[in-house]
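Asks: One structure, pasted below without further comment.
There are 4 protein chains.
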Amino acid sequence: MNIVSYRPSPEEYSYTFGGRAAVGKLRPGTILELFTEDCFAGRVKSVDDLPSQVCEFPYLNPVTGPFHVEGAEPGDTLALHFVSITPARDHAWSSTFPLFGALTGTHTTATLQPPLEERVWRYDLDLDRQVARYQARNGDFTVALPMDPMHGTVGVAPAAGEARMTITPDAHGGNMDTTELRAGVTVYLGVNVEGGLFAVGDGHARQGEGEVCGTALECAMNTVVAVELIKGVPTPWPRLEDDDHLMSTGSARPLEDAYRISQHDLVTWTCELTGLDTLDAYQLVSQAGQAPVGNVCDTNYTMVAKVAKRYLGGGGDVYEGAHARLRRLASEYTGP
Amino acid sequence: MNIVSYRPSPEEYSYTFGGRAAVGKLRPGTILELFTEDCFAGRVKSVDDLPSQVCEFPYLNPVTGPFHVEGAEPGDTLALHFVSITPARDHAWSSTFPLFGALTGTHTTATLQPPLEERVWRYDLDLDRQVARYQARNGDFTVALPMDPMHGTVGVAPAAGEARMTITPDAHGGNMDTTELRAGVTVYLGVNVEGGLFAVGDGHARQGEGEVCGTALECAMNTVVAVELIKGVPTPWPRLEDDDHLMSTGSARPLEDAYRISQHDLVTWTCELTGLDTLDAYQLVSQAGQAPVGNVCDTNYTMVAKVAKRYLGGGGDVYEGAHARLRRLASEYTGP
Amino acid sequence: MNIVSYRPSPEEYSYTFGGRAAVGKLRPGTILELFTEDCFAGRVKSVDDLPSQVCEFPYLNPVTGPFHVEGAEPGDTLALHFVSITPARDHAWSSTFPLFGALTGTHTTATLQPPLEERVWRYDLDLDRQVARYQARNGDFTVALPMDPMHGTVGVAPAAGEARMTITPDAHGGNMDTTELRAGVTVYLGVNVEGGLFAVGDGHARQGEGEVCGTALECAMNTVVAVELIKGVPTPWPRLEDDDHLMSTGSARPLEDAYRISQHDLVTWTCELTGLDTLDAYQLVSQAGQAPVGNVCDTNYTMVAKVAKRYLGGGGDVYEGAHARLRRLASEYTGP
Amino acid sequence: MNIVSYRPSPEEYSYTFGGRAAVGKLRPGTILELFTEDCFAGRVKSVDDLPSQVCEFPYLNPVTGPFHVEGAEPGDTLALHFVSITPARDHAWSSTFPLFGALTGTHTTATLQPPLEERVWRYDLDLDRQVARYQARNGDFTVALPMDPMHGTVGVAPAAGEARMTITPDAHGGNMDTTELRAGVTVYLGVNVEGGLFAVGDGHARQGEGEVCGTALECAMNTVVAVELIKGVPTPWPRLEDDDHLMSTGSARPLEDAYRISQHDLVTWTCELTGLDTLDAYQLVSQAGQAPVGNVCDTNYTMVAKVAKRYLGGGGDVYEGAHARLRRLASEYTGP
């Protein structure tokens, strides 16, 4: 088993997908042990650390990477199986942020009202019981929420020579902020440049659907990823697979276009997998499908289109069985 | 127990919310047994019955009602508890429809491409096993999908003297097409006119999230609704309650505005229920909330904002305990 | 010449299109002299009269009418030629309004920020010089703006038994708020119900494109309309004609759909008028067309697609020459 | 007078803003004579050259540059005055393009319908009479349209280390496709990186508002730009100035957000220029402003907010009088 560990020094984080040299080279089949910093670059250390003051644009949402996968070329697909996602600290931070979030005017949905108050919340994490404690800032209200660790951001270098801020999700992945990206899931990303150049960041101990205030339970993560390369198979938009489901994503504005992209990809993928014609696949996905909301706060919004493999007949075996193979590889990994 | 049964004759269906006299008067506390016709007004009877040919605009999406609830006045809330929703036939119909659905140009998202093919699918319903059978039109592919009966359309007469086609969801309810509206759920609707004038229709044996092709497993329903009236409590947008969750809805375009409306209502409702200030409630809903997609195909799109009552402290008791009371009333009902 | 004068008493105004009996019957060919009240129902009489306090929902945006046109049936088109639009007072009012306008959160684009300040501006109108004077509320800044009187609202009873608040523009017309609707222009409206039931209101002494703050220079108007009926010619969305241009409108959300509707209608109309095929007409409109913004503040947004008749070859003669005929009729009218 | 001429060799064009070394260094005050290729990279040479076949993604929409302006640093503004824009050939090309344009499903507004036909139109340009001839592909219809040469694309390297395809407009400029960017106009672009790194391309002999089919009268241009640097004055979004008007731009999706950005910038700019408070400026822009549509077909849509300088009191003198100064410099330039 080929295991690589990587913990970036502060200056090694990336803030774009694309436009950045690889921090390391990996062979397909590698198990990668990563540390990822939180979206605040670790600078929020108390509820008095307002992000707009302690963080420095554009040094937001750092990602760990990019990693060059040997042999990856445009037209291939990277398969990243998330073996484990473990909070690296005993607490997480959340906040409002001026002109960011779904229920406020933003730089894009520009209004003349003053921004909402900027406020920070600390969540204590109980890793044994897997709960995070919400504590109101104004009053005594408190409640325990189940942890459900995930990564908001994973992606590769974009096509067409672009470099995009890590906060933006698009066809290359990026800041999709979907709760579906948890341990046990394989993410498929189409390769646009030699080596693929994938990176991972923005760990959340938990997130509500849509990440409505703009941030989740932001925390540094110790994450293990098993990396595979599928040669000669392109992937138009990031796709996810868990043991029971296939998922397509779409990231765009307005939100219905994110929905359209994700459903369109799931319909056309279903055609390939089942042999159904377009209309029959459209009908099947329409009745069998789910549509978990990713984010409704970032520079593009993200929707996921999801279908149970059992509804696809024998059609649920995708990417040459990469998910099952990576599951087996992960099961042999005994941890750091 | 006051039980009223109503099965409309063909000319008694309504095609608008508002602009129509009541078909009957009910006292609060009534159990109402209803028959609802499918969205095709029952005219699709084979896969060769194309809706655009056998249906006649605007006689689409008939609803049963409206019912006048005695004592209901503007500023009150109707509580409609769905005791049971049972397919009235052993099959359901679905179809594409020219210029309708999420993955086609429409009359609003107007394009110059020819419309998609219009195609009808028949689903056989096995009420004992609660499964519906998908059968491809082009090929042998078939799969059983679990039934999950629901109503796409429920609403009251709108405010401001408006009358709206039943196909349109808005603040008065209407064609929200959310899978959350199943048996066991209480729907709260703000009263805009004397009597409230609610109506119900558009039964689905099952629906995917977003109803992407524009129709679900459309079927006539035998439905039982327990009706309550909450005096002096207004409701800005339709809300739902099941045993474990509170839900707000929003219906608008673009889809992010439906999301904003529903999340905004859930945040402000959470403030009322918990005593949290706005920012603290925003944070709690952001991390604890879900956002099930209703429809992304109708003339307005619908999103649901949902939170588990257990995350609201003691704050989950709403509308004077109407849901629990209606649950009890329903449990005493022994059926038609 | 058949001339009818109508000045509504306060209780005779309408607040919906549809759902209201006619206030009068007109024969085609009639010249109609109307008084229309301002969008505040005349209740704002000083800069201290805040609309949210002095106006009463839903009694906003009163329209004068509806008028029944004899012989008008579904499938016909009403042609309303605006002979003159003259401010009825020597001043106009404008205001911000809580949660209304393009640069604020609204009930639909729901945010948690407090609303913008509500403020009222008075414009003195100099009818001789045709200028309106802007005067800052906070400071001495003042400037004269040219008057360009228009009606924000004109429409007929909607299809499908609907009734819509006068503030909403849609396929039946309504509150389009386009600066193109000035004297000298003919508006074409498809008839949905017997008599058509048209109404007119919401006079503006002047308006910026998009009506960004939500109101224009709102004023009561003395308006003269020449009314024609085109039998057997349907009109899908309101169209306008001036001496030199043809215009289609679209009203929807998001704004690109209003654009799409208006451009789609202009392309298909161009096909009819020129004999060009769809692609050739699409190309011609793409290069020759204009796209004046109507409103970006109402419950639907409005865009206009506009093309000079001279670019359509001999194809600019529409609706059986109604515009020219109404121009001649207007020229014979010597005023009240 | 410092005059620089630059005609790129085929491999010197850029296809991104950002991520590319400068092709040359300029001192402020330079007059720059440029050749720009058309958006098809010059590969469409007959109506049988379908862009999807003869062009090669991502080598679309080439720009000439980027140019490094000496002394330009983040926080400064580049002023680019377009002295002249002259078609370099006697013809222009337009086309539909599969899944591109406002009246078709796209990769983002993803539909299952087949794409529209791809068709190419040739326009003969008469530079003396300044007219372009439309000729239907299917039939004899032909019409002369006035030329109004402009550049669809101008921009600088984006902030935050991003590189964006030239087809995308955003805060750095890019493919705004506004008809306002014609000769006689000064464009102000905020500097994000040392040297600014501006580039220019996508000449149009003429364009309809919104560029509805996705392309205009695409032609190579000989263009003269006078370059100035305004130190210490930032510019949030591209702004334009002609002799009589100030303009702000916004580029985003949905289209109302492009409108909001542009109007918000014009309101806040008006505050600075006039001393009006926010509400008074909002009111003035609401009544005095125009809103020319840029594009409704690109990856972001563009709107322009425009106000006549004469309505701003003495407030129309901006950027230290750069426009007037560049106008004078241009008047001294006697041409290549």
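Chains as they are written, first to last, in the working numbering: chain H, 1 to 336; chain S, 337 to 672; chain Y, 673 to 1008; chain E, 1009 to 1344.
Glycine residues also receive a C-beta, built at the ideal position from the N, C-alpha and C atoms.
None of these values were measured; they are calculated from a predicted model.
1) For Phe-754(Y), count neighbouring C-beta atoms within 10 Å of its own C-beta (all shown protein chains included) and say buried if the count is 16 or more, exposed if not.
2) In chain order, what are the residue ranges of uninterrupted beta strand (DSSP E) at least 3 long that sit wholly in the region 819-890 of chain Y?
3) Check each candidate in Ser-262(H), Tyr-301(H) and Glu-11(H) and name the one with the smallest Cα separation from Leu-240(H).
4) Per the DSSP calculation, Asn-295(H) is bridged to which residue(s)?
5) Does the region 1235-1245 of chain E come into contact with the region 1256-1269 of chain E, if we say contact requires no fewer than three beta-carbon pairs (one atom in each stretch) closer than 8 Å?
6) At the level of alpha carbons, what is the spacing between Glu-530(S) and Arg-119(H)?
7) For chain S, find out if any of its Cβ atoms is closer than 8 Å to the Cβ of His-107(H); answer yes or no.
8) Within 8 Å (strictly less), CB to CB, does Gly-827(Y) reach chain S?
9) Quick one: what does DSSP say Gly-250(H) is sitting in, helix, strand or coil?
10) Which residues in the same chain as Arg-133(H) place their Cβ atom closer than 7 Å to its Cβ, once the five residues preceding and following it in sequence are excluded?
11) Which whole-angstrom value is the C-beta distance of Phe-707(Y) and Asn-894(Y), which I expect to be below 8 Å?
12) Reducing DSSP to helix, strand and coil, say where Gln-935(Y) ends up.
13) Output the boundary residues of the beta strand (DSSP E) element that contains Glu-241(H).
14) Are the CB atoms of Gly-201(H) and Val-156(H) within a distance shorter than 8 Å?
15) When the Cα of Thr-652(Y) is compared with those of Asp-721(Y), Phe-769(Y) and Leu-1001(Y), which residue comes out closest?
16) Note down the Cα distance separating Trp-1101(E) from Glu-1226(E), rounded to an integer number of angstroms.
17) Assuming Tyr-1290(E) is part of the beta strand (DSSP E), what are its boundary residues?
18) I want to verify the contact list: residues of chain E whose CB lies under 7 Å from the CB of Ala-446(S), in sequence order.
19) Leaving out five residues on either side along the sequence, give the residues of the same chain with a beta carbon under 6 Å from the beta carbon of Pro-680(Y).
20) The ligand MG and Gln-935(Y): does any heavy atom of the ligand fall closer than 7 Å to the residue's C-beta?
21) Verify the CB distance criterion: does Arg-725(Y) have a CB-CB separation below 8 Å to chain H?
22) Could you tell me which whole alpha helix (DSSP H) segments of length 4 or greater appear in the region 357-414 of chain S?
23) Taking C-beta to C-beta, are Leu-273(H) and Val-304(H) nearer than 8 Å?
24) Report the three-state DSSP secondary structure of Lys-306(H) (helix, strand or coil).
25) For Ala-924(Y), which residues in chain S fall below 7 Å Cβ to Cβ?
26) Alpha carbon to alpha carbon, how far is Leu-1287(E) from Ala-1191(E)? Give it in angstroms, no decimals.
27) Counting only beta-carbon separations shorter than 8 Å, does Pro-302(H) have a partner in chain E?
28) Using the Cα positions of Asp-1148(E) and Val-1055(E), report the straight-line distance between them to the nearest angstrom.
29) Could you tell me the boundaries of the alpha helix (DSSP H) in which Arg-805(Y) lies?
30) Taking Cβ-Cβ distances shorter than 8 Å, what residues in chain E pair up with Thr-768(Y)?
31) Short of 7 Å in beta carbon distance, which residues of its chain neighbour Phe-376(S), apart from the five on each side in sequence? Order them along the chain.
32) At a Cβ cut of 9 Å, what residues of the region 1123-1134 of chain E count as close to chain S, listed as they run along the chain?
33) Could you tell me whether the Cβ atoms of Ala-694(Y) and Val-863(Y) are closer together than 8 Å?
34) How far does the beta strand (DSSP E) with Arg-1130(E) in it extend, from its first residue to its last?
35) From Leu-924(Y) to Arg-878(Y), what does the alpha carbon distance come to, in whole angstroms?
36) Thinking C-alpha only, which one of Thr-638(S), Val-340(S) and Ala-644(S) is nearest Gln-623(S)?
Replies: Let's see:
1) As a working note, residue 754(Y) is residue 82 in the third sequence. Label assigned to Phe-754(Y): buried.
2) Those beta strand (DSSP E) runs which fall completely within the region 819-890 of chain Y and span 3+ residues are 822-827, 858-862 and 868-876.
3) As a working mapping, residue 240(H) is identified with position 240 in the first sequence. The shortest C-alpha separation from Leu-240(H) is found at Ser-262(H).
4) Mapped onto the first sequence, residue 295(H) falls at position 295. DSSP lists Gly-210(H) as partners of Asn-295(H).
5) Judged by Cβ distances under 8 Å, the region 1235-1245 of chain E makes contact with the region 1256-1269 of chain E, as three or more pairs qualify.
6) In the second sequence, counting from the first residue as 1, residue 530(S) sits at position 194. In the first sequence, counting from the first residue as 1, residue 119(H) sits at position 119. Between the alpha carbons of Glu-530(S) and Arg-119(H) lies a distance of about 44 Å.
7) In the first sequence, residue 107(H) corresponds to position 107, counting from 1. Residue contact with chain S for His-107(H): absent (no Cβ-Cβ distance below 8 Å to any residue of chain S).
8) Locating residue 827(Y) in the third sequence gives position 155, where the first residue counts as 1. Taking Cβ atoms only, chain S never reaches closer than 8 Å to Gly-827(Y), which makes this a no.
9) Your numbering for residue 250(H) matches position 250 in the first sequence. Gly-250(H) falls in the strand class under three-state DSSP.
10) Locating residue 133(H) in the first sequence gives position 133, where the first residue counts as 1. Apart from sequence neighbours up to five positions away, the residues of its chain that approach Arg-133(H) with a beta-carbon distance below 7 Å are Tyr-123, Asp-124, Thr-142 and Ala-144, ordered along the chain.
11) Mapped onto the third sequence, residue 707(Y) falls at position 35. Mapped onto the third sequence, residue 894(Y) falls at position 222. Contact flag correct, Cβ pair sits at about 6 Å.
12) In the third sequence, the residue the question calls residue 935(Y) occupies position 263. Assignment of Gln-935(Y) by DSSP, reduced to helix, strand and coil, places it in the helix class.
13) Numbered from its first residue, the first sequence carries residue 241(H) at position 241. In the DSSP assignment, Glu-241(H) falls within the unbroken beta strand (DSSP E) covering 239-241.
14) Within the first sequence, residue 156(H) is the residue found at index 156, counting from 1. Within the first sequence, residue 201(H) is the residue found at index 201, counting from 1. Going by C-beta atoms, Val-156(H) is not nearer than 8 Å to Gly-201(H).
15) This structure cannot settle anything about residue 652(Y), because the visible part of chain Y is limited to 673 through 1008.
16) Taking the fourth sequence and counting its residues from 1, one reaches residue 1101(E) at position 93. Taking the fourth sequence and counting its residues from 1, one reaches residue 1226(E) at position 218. Glu-1226(E) has its alpha-carbon roughly 5 Å from the corresponding atom of Trp-1101(E).
17) The residue labelled residue 1290(E) in the question sits at position 282 within the fourth sequence. DSSP places Tyr-1290(E) in no beta strand (DSSP E) but in the uninterrupted alpha helix (DSSP H) bounded by 1286-1296.
18) Translated into positions along the second sequence, residue 446(S) becomes position 110. Contact of Ala-446(S) with chain E by beta-carbon distance below 7 Å involves Leu-1111.
19) Looking up residue 680(Y) in the third sequence gives position 8. Sequence-distant partners of Pro-680(Y) (beyond 5 residues in either direction) whose C-beta falls short of 6 Å from its own C-beta, in its chain, are Thr-736.
20) Questions concerning the ligand MG fall outside what the structure shown contains, since it holds no ligand whatsoever.
21) To locate residue 725(Y), count along the third sequence from 1; it is residue 53. In the sequence as presented, Arg is not what sits at residue 725(Y); that position holds Gln. No, Gln-725(Y) lies away from the interface with chain H (no Cβ there is under 8 Å from its Cβ).
22) List check, alpha helix (DSSP H) in window: 387-390.
23) The sequence position of residue 273(H) within the first sequence is 273, counting from 1. The sequence position of residue 304(H) within the first sequence is 304, counting from 1. It is not a contact, given that the beta carbons lie outside the stated cut-off.
24) To locate residue 306(H), count along the first sequence from 1; it is residue 306. In the structure shown, Lys-306(H) sits in a strand (DSSP, three-state: E or B).
25) As a position in the third sequence, residue 924(Y) is number 252, starting the count at 1. Per Cβ cutoff of 7 Å: Thr-444.
26) Position 183 of the fourth sequence, counting from 1, holds the residue named residue 1191(E). Position 279 of the fourth sequence, counting from 1, holds the residue named residue 1287(E). Answer to the nearest angstrom: the Cα atoms are 34 Å apart.
27) By one-based count along the first sequence, residue 302(H) stands at place 302. At residue 302(H) the sequence reads Thr, which differs from the Pro that was named. It does not: the Cβ of Thr-302(H) has no partner Cβ on chain E nearer than 8 Å.
28) Sequence index remark: in the fourth sequence, residue 1148(E) carries index 140 (1-based). Sequence index remark: in the fourth sequence, residue 1055(E) carries index 47 (1-based). The straight-line gap from Cα to Cα measures roughly 16 Å.
29) The residue you call residue 805(Y) lines up with position 133 of the third sequence. Premise fails: Arg-805(Y) lies in the beta strand (DSSP E), 803-807, not in any alpha helix (DSSP H).
30) Sequence index remark: in the third sequence, residue 768(Y) carries index 96 (1-based). Residues of chain E whose Cβ lies closer than 8 Å to the Cβ of Thr-768(Y) are, in chain order, Leu-1287, Tyr-1290 and Gln-1291.
31) For this step, residue 376(S) is matched to residue 40 along the second sequence. Cβ within range, chain order: Pro-387, Cys-391, Trp-429 and Glu-554.
32) Hits within the stretch, in order: Pro-1123 and Leu-1124.
33) Indexing the third sequence from 1 puts residue 694(Y) at position 22. Indexing the third sequence from 1 puts residue 863(Y) at position 191. Contact: no.
34) If you number the fourth sequence from 1, residue 1130(E) lands on position 122. 1128-1134 is the extent of the beta strand (DSSP E) around Arg-1130(E).
35) Start at 1 with the first residue of the third sequence, and residue 924(Y) comes out as number 252. Start at 1 with the first residue of the third sequence, and residue 878(Y) comes out as number 206. The identity of residue 924(Y) in the sequence shown is Ala, whereas the question assumes Leu. Spanning the alpha carbons of Ala-924(Y) and Arg-878(Y) requires a straight line of approximately 23 Å.
36) Residue 623(S) sits at position 287 when you count from the first residue of the second sequence. Nearest option by C-alpha distance: Ala-644(S).
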